[in-house]
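**Student:** Numbering (the working numbering) for the sequence shown: 628 to 1137.
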Amino acid sequence: MALAINIDELIHGQVIEWERLEFKQGWNPEAVLHTLCAFANDINNWGGGYIIIGISEQDGRPILPPAGLDPNQIDRIQGELIALCKLLYPDYMPITQPYVFQNQHIIVIYAPAGDIRRYTAPEGLGERGLQNRSSYIRFGSRTIKAQGEHLRRLEDLSARIPFDDRICQHAELNHLSLGRIRDFLHEIKSDLAEQSTTMPFADLCRQMNIAKGPDELLRPINAGLLFFNNVPHLFFNRTWIEVVIRKDEAGKDFSESYFKGPLHIQLREALRFIQAQIIVENVRKVAEKAESRRFYNFPFDAVEEALANAVYHKSYELGKPIEVQIWPERIEILSYPGPVPPVTAQILAENKRIVARDYRNRRVGDYLKELHLTEGRGTGIPTIKRAMELNESPPPVFETDDQCTYFLTVLHANPEFAVAKKSDQVSDQVSDQVSDQGNQLLRFAFTAKTRRELLEHLGLKNHFDNFKRHLSPLIENGYLEMTIPDEPNSRNQKYIATMKAKDMIANAAR
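See below:
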């Protein structure tokens, strides 16, 4: 079975940090054993790592084209690997997949973070080495024996599995959507996408490491529900993004929009909404220059990175949504709790370089990186600062308290924009033509939604009376249309905002 990742992007380090990759030209059982132990211990909460056999390396980077393996030896190596893993304690088994890469045979071993840390392995495979056991960890791109402070830290982590990698005990396997999973696999161009059409669902979930447990009690993990369930807020209270547009500094005149669903879907839809309704470009002719000067009230790259960081780093154990407050002169993005150590309020206030590599949501981060929604390499704050600087906007503000109970990002508007901002005008014209709830539904329906999704977005049950009251008027007036108009009662029916609705919203925002 194939791993749920694009092999070309993996080898080139495009979706996984180099520290999580180890290349080996040939089969070296002892070195592989120690690296498996290190990835299982996952001291930095990276989500484990990958060992790629058949490719040599230099300074942690692959040497291509690959040397490759003798195809006649691949079955033997896989058999030896199974025996080798029996030397790890507690029990641990990675996922292995042979590949043909650049016309050479290689083996990719995915070693996910273990659930029962800390793991130990024999110090060697000889008689003396088998008698002594140690824990191993990753230090940069090297595998080392955990000693001193590293060992103490590993022991502190031993009983702590990140929330997003835990089993959700009150969920069933059928709460994971096969359609969402396939969409994800196709988007990241995984070899597993094609196999998912014939593979048993339980095997698919195990292969993607989004379900754990024995066959008789296989359950999804939290990260699986956050990405592959249509209504994750039913499992994790208030897991959504709230966008509030305030038209004046008093904050009394405002409108609210809620973005729900799988994390990557709500992130994308919230960003599309902000880009369409808030971001304004200004073009100025510069004297004695052929090219005009272009800038924005808020650079979208900064908004995108700030909101993606909030989705990545918030705690999904807490029943608090991500809050985006949009004022005429600034955007505030608030999430809970604050950053993980060693980042503190003082470090943020003093604008020091942040070097933390300990992540709260390692699995959430992996999925966002594979979807190219974030880099996850400690570049979030520098990216925001750079985007604001290029736009000639004031520097961003990053804030938390002494207990790190929250994280606030503030993006101030470019000072050259007039006081009358686009945000002052959002939805004025729309509100004249449809109700506030209809206005909210049309924005949510910029991409096709089911009847259930639309009504639940308003906090309503999927009843026909609610459909008649809230959706039918929008359909009758040409603001909402069916995706399958010839079969109005089709079980696959969805609804999407018409061009008339989109034009009305766009005109209201000008």
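From the three backbone atoms N, C-alpha and C, an ideal C-beta is built for every residue, glycine too.
Small disclaimer: the values here were computed from a predicted structure and weren't measured.
(1) Per the DSSP calculation, Leu-934 is bridged to which residue(s)?
(2) Let me know the beta strand (DSSP E) ranges lying completely inside the stretch 721–749, each 3 residues or longer, listed in chain order.
(3) Do Lys-886 and Val-870 have their CB atoms nearer than 9 Å?
(4) Which word fits Gly-753, buried or exposed, when buried means at least 16 other C-beta atoms lie within 10 angstroms of its C-beta?
(5) Let's test the definition: count the other Cβ atoms within 10 Å of the Cβ of Ser-1144 and tell me whether it reaches 16, buried, or not, exposed.
(6) Applying the criterion that 16 or more other CB atoms from any shown protein chain within 10 Å of the CB defines a buried residue, is Arg-703 buried or exposed?
(7) So, are the CB atoms of Pro-948 and Arg-1070 less than 9 Å apart?
(8) Alpha carbons only, please: which of Glu-707, Cys-664, Ile-638 is nearest the one belonging to Arg-688?
(9) So what does DSSP say about Ala-1047, is it helix, strand or coil?
(10) Can you say whether Lys-651 is buried or exposed, counting buried as having 16 or more other CB atoms within 10 angstroms of its CB?
(11) CB of Val-970 to nearest heavy atom of the ligand NAP: below 8 Å?
(12) Quick one, are the C-beta atoms of Phe-900 and Ala-798 less than 9 Å apart?
(13) I need the DSSP call for Val-1037, collapsed to helix, strand or coil.
(14) Could you compute how far the alpha carbon of Val-930 sits from the alpha carbon of Leu-945?
(15) Under 8 Å: do the stretch 1003–1019 and the stretch 654–663 share three or more Cβ pairs, one atom per stretch?
(16) Determine, using beta carbons only, whether Gln-1067 and Ser-884 come nearer to each other than 9 Å.
(17) Using 8 Å as the cut-off, can you tell me whether the stretch 668–675 makes contact with the stretch 765–779, which would need three or more C-beta pairs spanning the two stretches below that distance?
(18) CA-CA distance, Asn-593 and Pro-1021?
(19) Would you call the CB atoms of Leu-890 and Tyr-994 closer than 9 Å?
(20) According to DSSP, is Pro-698 helix, strand or coil?
(21) If Ile-733 and Gly-681 are in contact, beta carbons under 8 Å, what's the gap, nearest whole angstrom?
(22) Just to confirm, is the Cβ distance from Phe-854 to Arg-987 under 9 Å?
(23) Once DSSP output is grouped into helix, strand and coil, what is the label at Glu-1012?
(24) When the Cβ atoms of the stretch 1073–1089 are set against those of the stretch 1117–1128, are three or more pairs found closer than 8 Å?
(25) Below 8 Å on the Cβ atoms is my guess for Glu-908 versus Arg-921; work out the distance and round it to an integer in Å.
(26) Contact between the stretch 1019–1039 and the stretch 950–967 is defined here as three or more beta-carbon pairs at a separation below 8 Å; is this criterion met?
(27) For Arg-865, which of helix, strand or coil comes out of DSSP?
(28) What did DSSP end up calling Phe-922 once you bin it into helix, strand or coil?
**Tutor:** Taking the definition as stated:
(1) None; Leu-934 has no bridge partner.
(2) 722–728, 731–738
(3) One point to set straight first is that residue 886 is Phe, not Lys, in the sequence displayed. In this structure, Phe-886 places its C-beta atom within 9 Å of the C-beta atom of Val-870.
(4) exposed
(5) The structure shown does not extend to residue 1144, since the chain spans only 628 to 1137, so no value can be given for it.
(6) Result: exposed.
(7) no
(8) Ile-638
(9) In this prediction, Ala-1047 has a pLDDT of 38, which is less than 50 and means its spatial position is unreliable; nothing more can be read from the coordinates.
(10) When all chains shown are included, Lys-651 counts as buried.
(11) Because no ligand of any kind appears in the structure shown, any question about the ligand NAP cannot be addressed here.
(12) Their beta carbons are not under 9 Å apart, which means Phe-900 does not touch Ala-798 by this criterion.
(13) Val-1037 falls in the strand class under three-state DSSP.
(14) Answer to the nearest angstrom: the Cα atoms are 23 Å apart.
(15) No contact exists between the stretch 1003–1019 and the stretch 654–663.
(16) Yes, they are a contact pair.
(17) yes
(18) Residue 593 cannot be examined here, being either before or after the span of the chain that is shown, 628 to 1137.
(19) Closer than 9 Å, so yes.
(20) helix
(21) 3 Å
(22) No; because the gap between Cβ atoms is not below 9 Å, this pair is not in contact.
(23) Contrary to the premise, residue 1012 reads as Lys rather than Glu in this sequence. Lys-1012: helix per DSSP, three-state reduction.
(24) Yes, they touch.
(25) With 8 Å as the limit, Glu-908 and Arg-921 qualify as a contact, their Cβ atoms being about 6 Å apart.
(26) Enough Cβ pairs lie closer than 8 Å, so yes.
(27) In the three-state DSSP reduction, Arg-865 falls in the coil class, being neither helix nor strand.
(28) strand
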